[in-house]
Structures are given as structure tokens and as C-alpha cells.
Amino acid sequence: EQKSDVMIRSVYVAVGGSHLQSFNNRGSVMLPEDRDEIDEQDVEDVKINAREVSIPAQNAFLHSIIQHYHVDGQDGVLSPVGMLGQRLEADFHIIHGVRTRIQNTIRCVKELPLDVEDVVFGGLASAQVVLTQHQKDLGALVLDIGGGTTDYILYADSAVKQSGCIAIGGDHITNDISMGLRIPMARSEKLKIEEGSCVLGNCFPGEMILLKDDSGFAGKEIERETLNTIIHLRLRETLELVKRRLDEEPFINYLGAGIFITGGCSLLNGIDNLAEEIFEMPAHVAHAQTTSGVTSAVENPQFSAAIGLIKYAQAVQTERPARGIGRILGRIFSGRR
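All the letters of the sequence shown, read from the start, carry residue numbers 1119 to 1455 under our numbering.
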């Protein structure tokens, strides 16, 4: 608000957490015999049909992301409205999560007080500004490693194929450093940011880091390789957990553009090299690519999801009729699935 001189009254909210789940499903509808031109209602009906699957009773649908349309068996249809046909099919990537977890997030925001326009999976938001359309076409994986979670979203053949969230992030690394080196959490976070690396063997044997004394802290010398080992082990575990999930489907074999790492933890030295080792493909540290004006603050990868929410909101308000805004919220609070 200070930078833009605009009062913010409503927001789009990014959500994450291990309770989020996803799957791919196909919906289909038959047009009535007296009509053979596909309209917008048919497109909405096929989306509803794709959601007619069993999910846990406590869950709510968060996203139904279109992958591909098919008209009378014709594949690769981008926009079926106006086409002639009798059978419309569509493949969707569907994301759902525990309704009360999402509701609690929304209620926290409303206490600020702010109106919540919509809720968005954080990994999807980040991908809006981290990836170009060409990279989505080639196939790409986005890893958004934040404080408490790691969101991932995989694009293949221009469409979202896999997504999810691991409940491990940068805060866990900070906690490991604090426990392993027996130093306060605040000093651990600062040490991680200023001195940390996930690359092993890149320092002199016995090289030490001096932590100066501070209020309530007497100061300490620690071995740099010990610090790097703590960071390396936790990040390796996180990336291997993501890879294990992605290996359940074949799409990871079609990532022509490679891996794009964002979020605050992506600033750790050597994280791209570690990802390349684990996934056996090129990896890059990425930040928002579409900002203009005052960009110095938001070019930090930790703001990728926030900037992505803005782009997501622009797309929603342009493409979705005004009456459709907030339909996700309606389902979440009404209990409808």
C-alpha cells in the first residue's frame, strides 16, 4: 500500500500444506440430439462431470485445471466453444484439500480485515510468473521451497500433470542448525542465510565460522563443513521426497525445460546443483519474470507466489464472468464438493 498508494481491500490467498492432494481425471458430456454446437455451458458441464469422483468427505475441490479438450475423438482442441460435435470430453488436473484447513486460513485473513476473493494453490501461483509459456510447452517442474512447506507443480505438453506439497521447508533447516550446533533459532536463521551452502566439500578442511556474542548468546566457533552438512542432508531429504512422488507417474521423463527452483530457500548456495544431482536434469534458481516498475524488492524468489497471485487474479477477472468470482469459496464454506 505504501509503494503503490492504493488501499488493499481484498486479496487472493495462496494455500499449501500436506493435506492438499491432486489427481487427473476425464469428464465427458453428450450434446442433446437437437443441438450440435458446443457452448460455454457444455464446457462447464464437462468440468462438473470430471469432479464426479470420490474424495474424502472432509475435503473440498480447490482447482480443476484444464489439460486438453476432445471433440468427437478429435484431440488437441484448445477452445471447443462454437465447434460442432456430439461428444465433448476434457482432461483436468484436480486439486483438493481439507475444507476446515482452508477455511481457517480464510478466516485468519478476514480478521485483518480483508475480503478473500479466492484461494489458490501456492505452487500454481508461483508457476504463473516463474515459467514462460514456452517452458510449459517443453515441460517443466517448479519447486517453491518456502519456510514450512515445499510446493511442486509439473507441466508437460503445456498442461499441469502433477502437483502437491511436502511439509518440509527452510524453517526445518533452521531448526536442524539450532539443534545440531546448539545455538538460538534467530542466530541459526541468520547463519543459514549468510554462510550456508548445501554443497559439500567446497570449503577448506577445518574452516571455522565465528559467531559473535550477542545479548543472551556468548558467541561460538563452528565448523563450516558441519553447517553445510546439516543443510545438505535436510535439502536432499526434501528433494528426494518430491522425486519419489513424481516417480509415481511417467511425466517427469518429459521435462524438456528442466527444473525451476523458487521461494526463499532457493537462495541457498548450490541448491541448483543438488537438484540436478537428484533429478538428473538441468535445474535453475528462478524468480518472477513479469514485474514492471519498482522491482528490486519483488525480484527476490521468496515473492514468486505473491507476484503469481496477482497474475492469477488478472487472468481470473479477465476470463471468468463476474458472477463466477468466489465460486471456490462458496463450495468450501457451504460444504458442497
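For glycine and all other residues, C-beta sits at the position ideal for the given N, C-alpha and C. These figures come from a predicted structure and were not determined experimentally.
Straight-line CA distance for G1203 to L1196? 15 Å
Quick check on S1276: does DSSP put it in helix, strand or coil? coil
Any idea what DSSP makes of R1455, helix, strand or coil? Reliability of the predicted coordinates at R1455 is poor, the pLDDT of 48 falling under 50, and the value obtained from them is presented with this limitation in mind. Correct three-state label for R1455: coil.
Within the continuous beta strand (DSSP E) that includes A1243, where are the two ends? Note, A1243: premise wrong, no beta strand (DSSP E); alpha helix (DSSP H) at G1240 to V1248.
Can you tell me whether F1322 is buried or exposed, with buried defined as 16 or more other CB within 10 angstroms of its CB? exposed
Can you give the Cα-Cα distance for A1393 and M1148, rounded to whole angstroms? 45 Å
Can you check whether the C-beta of D1233 is within less than 7 Å of a C-beta belonging to chain B? Here chain B cannot be found, since the structure has a single protein chain.
Which of the three DSSP states, helix, strand or coil, is assigned to D1332? strand
Cβ of Y1372 within 7 Å of Cβ of G1241? no
If you measure between the beta carbons of V1227 and V1360, is that distance less than 7 Å? no
Rounded to whole angstroms, what is the Cα-Cα separation between D1236 and R1342? 44 Å
Relative to the C-alpha of R1219, which residue among D1275, N1177 and H1188 is closest? N1177
Through-space distance from A1423 to A1208, alpha-carbon basis: 28 Å
Do the CB positions of Q1253 and F1369 come within less than 7 Å of each other? no
Whole alpha helix (DSSP H) elements within the region 1145-1179, 4-residue minimum: 1158-1168
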